[in-house]
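The next block holds one structure in the form of structure tokens; read it before the comments.
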Amino acid sequence: MAIYENRLLFRQTRYDENNSLVALESTWAYTIQLLDSVPIPGRYRCRIINVDFVDPDNMTSIGTQLVCVLEKWTNEGWIECLEYMPTSATQDFYSIEDELNVMFKSFTTGVKTSDEFYSPAPGPRPPRKKKEPPPPKKDPIPEPPHSDTSKPDSPDFEWI
Numbered sequence: 077m078a079i080y081e082n083r084l085l086f087r088q089t090r091y092d093e094n095n096s097l098v099a100l101e102s103t104w105a106y107t108i109q110l111l112d113s114v115p116i117p118g119r120y121r122c123r124i125i126n127v128d129f130v131d132p133d134n135m136t137s138i139g140t141q142l143v144c145v146l147e148k149w150t151n152e153g154w155i156e157c158l159e160y161m162p163t164s165a166t167q168d169f170y171s172i173e174d175e176l177n178v179m180f181k182s183f184t185t186g187v188k189t190s191d192e193f194y195s196p197a198p199g200p201r202p203p204r205k206k207k208e209p210p211p212p213k214k215d216p217i218p219e220p221p222h223s224d225t226s227k228p229d230s231p232d233f234e235w236i
């Protein structure tokens with residue numbers, strides 16, 4: 077049986093203007109020891125980001141989705157290892173982080189987890205907004221007609 081330990085090294089969070097959490101990234105150290113071998117250290121990070129999807133036709137928001145991945149550090153850099161499918165776009169970021177930690181422990185030790193990670197089918201999507209027609213074009217302002225009669229060249233300053 078394997079001995080697995082992990083600990084949080086640091087956590088970064090980002091909030092929006094409404095003080096809602098929109099991103100969480102945590103970096104972890106772990107060791108795994110198989111039978112009587114020397115413990116093998118490693119690093120991984122959990123990245124949970126609330127992404128706002130935009131309709132490219134009219135550049136309006138069509139909804140948000142949580143993107144939740146666990147990346148493992150290798151000699152070549154970070155590689156994506158696991159992906160978590162949240163139950164909703166409002167699921168608690170810290171509970172997702174806990175689930176990713178459970179998944180990584182199971183993945184690393186090869187021991188089945190007792191949890192089943194279940195994501196229900198998404199609810200109905202809101203109807204798409206119809207494009208509003210562009211405002212009607214205004215007729216250009218006509219210029220006054222030009223007269224063929226010429227005005228005298230000398231200005232009239234008698235009123236001064």
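To convert, count from 1 in the sequence shown and add 76; that's our numbering.
No residue lacks a Cβ here, since even glycine has one placed at the ideal position from N, Cα and C.
Treat the numbers as computed from the prediction; the structure is a model and nothing was measured.
### Other residues of its chain near Lys213: CB distance less than 6 Å, five sequence neighbours each side excluded
Cβ within range, chain order: n/a, list empty.
### Task
In angstroms with no decimal places, state the Cα-to-Cα distance between Asp128 and Gln88.
20 Å
### Task
Compute the distance between the beta-carbons of Thr140 and Ala105, then report whether it is under 8 Å.
Cβ atoms of Thr140 and Ala105: not closer than 8 Å.
### Query
Anyone know if the C-beta pair for Leu176 and Leu146 falls short of 8 Å?
yes
### Query
Looking only at DSSP bridge pairs, what is Glu93 linked to?
Glu93 is bridged by DSSP to nothing; it lacks a bridge partner.
### Query
Could you check where the beta strand (DSSP E) with Asp112 kicks off and where it finishes?
It is not in any beta strand (DSSP E) - Asp112 carries neither H nor E in the DSSP assignment.
### Cβ distance (whole Å) where Arg119 is taken to contact Trp149 below 8 Å
Rounded, the Cβ-Cβ distance is 4 Å, consistent with contact.
### Query
DSSP state of Ser182, grouped into three classes?
helix
### Query
Of the residues Leu85, Ile116, Pro117, which one's Cα is nearest the Cα of Thr103?
Leu85
### Query
Does DSSP classify Asp128 as helix, strand or coil?
strand
### Query
In the DSSP assignment, what residue or residues form a beta bridge with Ala78?
The bridge partners DSSP lists for Ala78 are Leu110.
### Task
Measure the C-alpha to C-alpha separation of Met77 and Val187 and round it to an integer number of angstroms.
9 Å
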